[in-house]
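For reference, the structure is listed below as structure tokens.
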């Protein structure tokens, strides 16, 4: 007789965007506590992306990394309008694929960043002067 899998409780995870992925900050079993911690993290760092997800155990999964099914509960997107720290409720169903959404989006203007040309020129000039002095001191044949 095969062993019966133990039922896992539903868990809730708070994740923060890191690079191209998400880093899990906390995992808990109480939704109210997880929502309160999520709101606290958004208030502490309103310029970061956070998401609150529900994790349901997938007993039939045999591979690593797929033993949980997840559902988005809340998403904090700092680029959405409104006051700092506002939270957008997630839609109950998944939207269109990302490739379709990207085709309709307006191209974003790149932020202009001034290059520190004076600093670069000063560093190069200082290097040339130091190199010239070292060459004159040690590179020329002595008398």
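Residue numbers (the numbering used here): 164 to 306.
Beta carbons are placed, not taken as given, at the ideal position from N, Cα and C, and that holds for glycine.
{"Asked": "Taking Cβ positions, are residue 194 and residue 177 nearer each other than 7 Å?", "Found": "no"}
{"Asked": "Taking all protein chains shown into account, decide if residue 216 is buried (16 or more other Cβ within 10 angstroms of its Cβ) or exposed.", "Found": "buried"}
{"Asked": "Distance check for residue 286 and residue 258, CA to CA, integer angstroms please.", "Found": "For residue 258, the predicted model reports a pLDDT of 48, less than 50, meaning its position is unreliable and no value from the coordinates is stated."}
{"Asked": "Between the Cα of residue 211 and those of 240, 196, 203, 192, spot the shortest distance and give me the residue it belongs to.", "Found": "240"}
{"Asked": "Indicate the three-state DSSP secondary structure (helix, strand or coil) for residue 223 in the structure shown.", "Found": "coil"}
{"Asked": "Leaving out five residues before and five after residue 186 in sequence, what residues of the same chain have Cβ atoms less than 7 Å from its Cβ?", "Found": "178, 179"}
{"Asked": "Closer than 7 Å by C-beta to residue 208: which residues in its own chain qualify, once you throw out the five before and the five after it? Chain order, please.", "Found": "none"}
{"Asked": "Between which residues of its own chain and residue 192 is the CB-CB distance below 8 Å, once the five residues before and five after are set aside?", "Found": "172, 173, 174, 175"}
{"Asked": "Identify the residues that DSSP records as bridge partners of residue 239: which are they?", "Found": "213"}
{"Asked": "For residue 237 and residue 230, what's the separation of their Cα atoms in angstroms?", "Found": "22 Å"}
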